[in-house]
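Number of protein chains: 2
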Amino acid sequence: MSNKITIQRVAELANVSKSTVSRVLNNYPHVRPHVRARVQRVIGETGYQPNNIARLLASDRSSIIGLVISSDAQMVFRDPYFPALTEAVSTSAAAKDLVMALFVSHSEKQVRHSLSGIIAAGLFDGLILTADFKGDEMIPLLRAGEIPFVFIGRPGAADGIHYIDADNRQGGYLAASHLIKLGYRRIATIASAQNSAGDDRLSGYKQALAEHGMPICDALIAIGDYSLGSGYRGMKALLPRQPDAVFVASDTMALGALRALREAGRRVPADVALVSHDDLPPAAQADPPLTTIRQTINKTGARAVETLAQVINEGEALPLQQIVLPVELVLRASCGALQKQATA
Amino acid sequence: MSNKITIQRVAELANVSKSTVSRVLNNYPHVRPHVRARVQRVIGETGYQPNNIARLLASDRSSIIGLVISSDAQMVFRDPYFPALTEAVSTSAAAKDLVMALFVSHSEKQVRHSLSGIIAAGLFDGLILTADFKGDEMIPLLRAGEIPFVFIGRPGAADGIHYIDADNRQGGYLAASHLIKLGYRRIATIASAQNSAGDDRLSGYKQALAEHGMPICDALIAIGDYSLGSGYRGMKALLPRQPDAVFVASDTMALGALRALREAGRRVPADVALVSHDDLPPAAQADPPLTTIRQTINKTGARAVETLAQVINEGEALPLQQIVLPVELVLRASCGALQKQATA
DNA sequence: ACACTGACTGAAACCGGTTTCAATTTTGCG
DNA sequence: CGCAAAATTGAAACCGGTTTCAGTCAGTGT
């Protein structure tokens, strides 16, 4: 190790006890300014860095949080959603002087196993988990492990669980309402039943249709799994139904839908209008650029870290945090609104 | 904590000393099979899990490795390369019972700062770093920190540094040779000068041209930065030069190039053939699917973890590891070979 | 049977901090 | 100025393991 200087050595150099150095280190009160300054000078001069491991053993705090992403192997780093989320959490954690460790669990079985290991390791102050597979089977493990945790996305059984979610229902509602206002009549959707986000988006879509007195037709609902391929297949299945607009529940699936439409010779938005969900970078880069529902992943990550920090500090005392972040419609070419405006 | 059982408790229950339990735990010799079995039974019955922190403090090993990705903020989670690499390292680490912590440094300045912190924390057994910004300015810090480390990609000053790299030169060479063999005469490239991988790919491209007696024309060389946008701009700049084929140094840039070509009304591969590099998922999903040079990111990640583990264990004794992994050409539609075959 | 190995085992030191608690100052006030 | 209360400080215990070292015990060779 590069650092042979210990708290003991600093204490000697500053003519105080380890205890006092520790107090200075942790910004505790009850140290005379004079003494505090002297200790800090020694720390500065020696370049002393406390050994986190020892600190952790003694204080039962590691300043390490785990981000557990459990989803299909293919999925995780295919859909830009997870990388974006990972980056957001990593950055927010760093800003709070927390280290983020990343776990990617590929199969549901693996989740159980590695999660037990993660918890047992006792290394982490807390965990942030993504609510895929609806996340339910993890919850008993987490509860038993008595480890602070926060979900990103609403797990299936969300009772008494802290989570940060996007307002997916509102997302579906905004998207469908927007299409309705633009005058489309046969509005289909490519939904997903993988997790609560998918359910909510679908339910928002249905609500918008219902509120506008439009029939909800099962033939206009395709079910995908967030993959590009499933968007492609979903669109192919919908084509014979002659929809004039489609709400696709994720940008990635929308890219697949775009391909299906191009292959079928349908123009977007002239023949079929599209609104998708997420507003990840590919949405803006698609051809045509996608009108989409923006969920602010950075904020989601930041809130998750923040909330986890609170859980860690306050424990049971913290009132239940179930935070739903707003979403907004981002207007681009794929919904046809811009064209209509231009010709109007 | 869920686990109130300590090594002490196990020792009492098994009627032995902490020392013996520790020996059993670590598979040390000098424990009678009989005793060993008894201890193991108690461990099994109690579900005892050693506290890693304590173990680490005593043994100076954390079983945590850091993956440090330093690149432009936008870049890191935009190009699927990094997510793929992250996943590969995370998985390989997990297989070796190592925890991977992820650090994303956005600016070069930030690298220096956070790297010092990371090293000083003393939390990590070793680091895997990506060689962006050519990675040079990190090396002195790492050396001073006396922390085991391995690069993925070849840093600018690679003397005496362990690294795992793809055979990028061969990648550029294979791509260009392939296009030459298909009969293209005006073969352009969209290269990158960001890191050694970019340099090498360009140099392989040049070598192939030279070996086939073709002139190397600077007007046919555009410089990008691995982003989709830079591929788009690069292609636009090249179009007036009328290339009949382009080697694009990354899949992501190739997607940008595709868009530029589509906008210009040029068909791929009929008017302009494309070969790209990396073979990430989007390459297969592009329209048309991209012929590309496959680098096996999973293997790269696995070798990096493996090598780092060796460095950690053997230290100076380990001979210099500079591993170059082979690449291969993946044939798809964008190069025109399939069409030519069909019509032949 | 006897000294002599070498395999087992446990006591205690140690890793480098934090935290408790009692001792020692200081400070505040009457 | 004197005394109780509050603020400082340091000694020692503790976190939960690993490792050193010396002692114990069984197995050998003679």
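Protein chains in written order, with my numbering: chain A, 10 to 353; chain B, 10 to 353. Beta carbons: idealized from backbone N, C-alpha and C, even for Gly.
Top-ranked residue by Cα proximity to residue i, from the options
i: Glu-337(A); options: Leu-191(A), Asn-177(A) and Asn-307(A); result: Asn-177(A)
i: Ser-4(A); options: Phe-91(A), Cys-344(A) and Arg-50(A); result: Given that chain A is displayed from residue 10 to residue 353, the structure contains no residue 4(A) and the question cannot be resolved.
i: Ala-103(B); options: Gly-274(B), Ala-318(B) and Arg-50(B); result: Ala-318(B)
i: Lys-308(B); options: Ala-93(B), Pro-290(B) and Ser-71(B); result: Ala-93(B)
i: Thr-316(A); options: Leu-267(A), Lys-245(A), Ile-170(A) and Phe-112(A); result: Ile-170(A)
i: His-286(A); options: Pro-249(A), Pro-252(A), Ala-97(A) and Pro-335(A); result: Pro-335(A)
i: Pro-249(A); options: Ile-306(A), Ala-231(A) and Ile-173(A); result: Ala-231(A)
i: Met-262(A); options: Asn-35(A), Asp-88(A) and Val-77(A); result: Asp-88(A)
i: Ser-101(A); options: Ile-306(A), Glu-325(A), Ile-321(A) and Asn-24(A); result: Ile-306(A)
i: Asp-260(B); options: Ala-292(B), Arg-276(B) and Glu-272(B); result: Ala-292(B)
i: Gly-75(B); options: Leu-151(B), Asp-174(B) and Glu-220(B); result: Leu-151(B)
i: Ala-258(A); options: Asn-204(A), Leu-124(A) and Pro-38(A); result: Asn-204(A)
i: Gly-56(B); options: Arg-18(B), Ile-62(B), Pro-38(B) and Arg-41(B); result: Arg-18(B)
i: Glu-323(A); options: Glu-220(A), Asp-134(A), Asn-35(A) and Val-284(A); result: Asp-134(A)
i: Asp-234(B); options: Tyr-214(B), Leu-211(B), Ala-202(B) and Gly-222(B); result: Ala-202(B)
i: Gly-181(A); options: Tyr-214(A), Tyr-193(A), Gln-331(A) and Arg-41(A); result: Tyr-214(A)
Element boundaries [alpha helix (DSSP H), containing residue i]
i: Ile-225(B); result: Counting along the chain, Ile-225(B) falls outside any alpha helix (DSSP H), and DSSP gives it neither H nor E.
i: Val-339(B); result: No alpha helix (DSSP H) holds Val-339(B); the beta strand (DSSP E) holding it covers 336-339.
i: Lys-154(A); result: The amino acid occupying residue 154(A) in the given sequence is Gly; Lys does not appear at that position. That run of the alpha helix (DSSP H) goes 147-154.
i: Asp-260(A); result: 260-272
i: Ala-104(B); result: 90-104
i: Val-30(A); result: 27-34
i: Ile-52(B); result: 42-55
i: Ser-68(B); result: 61-68
i: Tyr-182(A); result: 177-190
i: Val-19(B); result: 16-23
Buried or exposed by the 16-neighbour rule on C-beta atoms within 10 Å, applied to residue i
i: Leu-329(B); result: exposed
i: Gln-179(A); result: buried
i: Ala-228(B); result: exposed
i: Arg-64(B); result: buried
i: Gln-251(B); result: exposed
i: Pro-278(A); result: buried
i: Lys-13(B); result: exposed
i: Asp-208(A); result: buried
i: His-43(A); result: exposed
i: Gly-274(A); result: exposed
i: Tyr-37(A); result: exposed
Proximal residues to residue i (C-beta, below 6 Å), its chain only, five neighbours per side dropped
i: Ile-128(B); result: Gly-154 and Ile-156
i: Tyr-241(A); result: Gly-265, Arg-268 and Ala-269
i: Asp-288(B); result: Thr-301, Arg-303 and Val-339
i: Ala-2(A); result: Outside the displayed range of chain A (10 to 353) lies residue 2(A), so it cannot be described from this structure.
Residue i, enclosing beta strand (DSSP E) - first and last residue
i: Thr-305(A); result: Note, Thr-305(A): premise wrong, no beta strand (DSSP E); not H, not E.
i: Gly-135(B); result: 135-139
i: Tyr-241(A); result: It is not in any beta strand (DSSP E) - Tyr-241(A) instead sits in the alpha helix (DSSP H) that spans 237-247.
i: Leu-111(A); result: 108-114
i: Ala-293(A); result: From DSSP, Ala-293(A) is part of no beta strand (DSSP E) but of the alpha helix (DSSP H) over 290-294.
i: His-286(A); result: 282-287
i: Leu-76(B); result: 73-79
i: Val-255(B); result: 254-257
i: Ser-343(A); result: It is not in any beta strand (DSSP E) - Ser-343(A) carries neither H nor E in the DSSP assignment.
i: Ala-197(B); result: 196-201
i: Ile-170(A); result: Note, Ile-170(A): premise wrong, no beta strand (DSSP E); not H, not E.
Cβ-based neighbour list, residue i, same chain, cut-off 8 Å, excluding 5 preceding and 5 following
i: Leu-191(A); result: Ala-254, Ala-282, Cys-344, Gly-345, Ala-346 and Lys-349
i: Leu-218(A); result: Ala-185, Ile-189, Ile-196, Pro-224 and Ile-225
Supposed contact pair residue j and residue i - C-beta distance, whole angstroms, cut 8 Å
i: Ala-206(A); j: Gly-162(A); result: 6 Å
i: Ala-185(A); j: Phe-256(A); result: 6 Å
i: Leu-183(A); j: Phe-158(A); result: At roughly 30 Å, the Cβ-Cβ gap does not stay under 8 Å, so Leu-183(A) and Phe-158(A) are not in contact.
i: Ala-140(B); j: Phe-160(B); result: 5 Å
i: Gly-310(B); j: Ala-67(B); result: Not quite, the Cβ-Cβ distance comes to about 30 Å (not below 8 Å), so this is no contact.
i: Arg-50(A); j: Val-33(A); result: Actually they are not in contact, since the Cβ atoms of Arg-50(A) and Val-33(A) sit about 11 Å apart, beyond 8 Å.
i: Ile-199(B); j: Gly-243(B); result: 4 Å
i: Met-109(A); j: Ala-110(B); result: 7 Å
i: Ser-125(A); j: Ser-79(A); result: Between Ser-79(A) and Ser-125(A) the Cβ distance is about 13 Å, and since that is not below 8 Å, they are no contact.
i: Val-284(B); j: His-221(B); result: Val-284(B) to His-221(B), Cβ: 15 Å. No contact.
Other residues of its chain near residue i: CB distance less than 7 Å, five sequence neighbours each side excluded
i: Ser-11(B); result: Reliability of the predicted coordinates at Ser-11(B) is poor, the pLDDT of 40 falling under 50, and no value is obtained from them.
i: Ile-16(B); result: Lys-27, Val-30, Ser-31 and Pro-59
i: Leu-132(B); result: Ser-71 and Ile-73
i: Ala-246(B); result: Ala-231
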